[in-house]
Amino acid sequence: MTVTPGAAVRTSVLFVTDLAYEARGRRYCDEDIFLTARLREDFDVALCHPGDAAALLDGFDVVVVRNSGPVLYHQEAYDAFRVRARETGTRVYNSLDGRGDMAGKQYLVDLDRAGFPVIPTVDRAADLGLLPRSTGYVVKPKLGADSVGLRFTDEPEYGGTDGTLLVQPRIDFRYEVSFYFVDHDFQYALHAPRPDRRWMLEPYAPSPEDLDFARRFVEWNTLAHGIQRVDACRTPEGGLLLVELEDLNPYLSLDLVTERVRDVFVARMKDSLRALPA
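Given below as structure tokens:
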């Protein structure tokens, strides 16, 4: 912590981001510039690239991992960061105990097998017959992100080593919707009315049933502290199916919510950071 004579003790935060990362349809850098400006109201904040996090974390009370791009672009550095953080007992936000995207996409297979409302998913060639018939299929790396390595096929096919790929039927859906949580507290929801425009989002007022759906996955996850985004699609029959449980560095689309919603979100995030166990 930083101590200035006559001033209150402030927690120091290493904010991990890649301001130069270019994401399709989103400006990660703008969101993190906004968040760090607001966090500086209550914390001492320094920014670093994910490649430098392992070397720098010793000098800070908390490390916040935010819009750092897909881990696969800096997998070795991220693995080193996780090892170093655990060795030193550094407080990391999001905490490193999530079992959603933070741990790869095995959770989609596990949740499907357990009967949760998710897009049917298999990760072995021998299980392709378990998928429902569809007009097309999606094949993607289990450790992928941002559609890297994703391809479409007419028939279910694997074409890789068992356990490295996921295969899903292409789902006919009305729209996608995302639910945003800090720890286990719901904050807001956004939806993409046009299926072909994933990041053209608008505010969404979830029904009690929608929130029950989203909370079911947040409760299933083992994330102790942090920000989660539950992505789902609305089927023609009206139900929701899980698309992703993003618990590593979910983009928040804070520029698309009202000032009041942003203020409430930032305040809740600050409280969550303060509540991290020493």
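Residue numbers (numbering that gives the first Met the number 0): 0 to 277.
All C-beta atoms in this analysis are idealised placements derived from N, C-alpha and C, irrespective of residue type, glycine included.
This structure is a prediction, so every number in the text was calculated from the model and none was measured.
- For residue 107, the three-state secondary structure derived from DSSP is helix.
- Going by beta carbons, residue 248 and residue 94 fall outside the 8 Å limit.
- In this structure, DSSP gives residue 174 an extended state, which the three-state scheme calls strand.
- Note that the region 161 to 171 touches the region 229 to 244; at least 3 beta-carbon pairs, one per stretch, sit closer than 8 Å.
- Between residue 97 and residue 189, the C-beta spacing is not below 8 Å.
- Secondary structure at residue 245: strand, using DSSP grouped into helix, strand and coil.
- By the neighbour-count criterion, in which 16 or more other beta carbons inside 10 Å mark a residue as buried, residue 261 falls on the buried side.
- By the C-beta density criterion, residue 149 is exposed, having fewer than 16 other C-beta atoms within 10 angstroms.
- Here residue 190 is bridged, per DSSP, to 176 and 201.
- Scanning 89, 80 and 78 for the CA closest to the CA of residue 59 turns up 89.
- By the CB criterion at 8 Å, residue 228 and residue 201 fall outside the cutoff.
- Excluding five sequence positions before and after residue 79, the CB atoms of its chain that fall closer than 8 Å to its own CB belong to 53, given in chain order.
- For residue 162, the CB contacts under 6 Å within the same chain, skipping 5 residues up- and downstream, are 122 in chain order.
- Under a 10 Å Cβ-count criterion, residue 74 is classified as exposed, with fewer than 16 other Cβ atoms of the shown protein chains found around its own Cβ.
- Looking at the backbone, the Cα of residue 216 and that of residue 55 are separated by about 33 Å.
- In the DSSP secondary-structure assignment, residue 116 is not bridged to any residue.
- Annotated as distal: residue 18 and residue 35, with beta-carbon spacing of 8 Å or more.
- Contact between the region 205 to 214 and the region 176 to 191 is present: three or more C-beta pairs spanning the two stretches fall below 8 Å.
- Annotation: the region 28 to 78 contains the following complete segments of the beta strand (DSSP E) (minimum length 3 residues), in chain order: 43 to 47 and 61 to 64.
- Taking residue 62 as reference, the option from 81, 119 and 22 with the minimal CA-CA separation is 81.
- A distance below 7 Å between beta-carbons, with the five flanking residues on each side excluded, links residue 199 to the following residues of its chain, in chain order: 191 and 193.
- DSSP places residue 8 outside both helix and strand once states are collapsed to three, so it counts as coil.
- With a 10 Å radius around the Cβ and a threshold of 16 neighbouring Cβ atoms, residue 178 comes out buried.
- In the DSSP annotation of this structure, residue 121 is not part of any alpha helix (DSSP H), being labelled neither H nor E.
- The shortest CA-to-CA distance from residue 70 to any of 131, 155, 110 and 48 is the one to 48.
- With respect to the C-alpha of residue 51, the residue from 40, 64 and 39 having the closest C-alpha is 64.
- In this structure, the CA atom of residue 142 is about 6 Å from the CA atom of residue 104.
- Taking C-beta atoms as the reference points, residue 21 and residue 250 fail to come closer than 8 Å.
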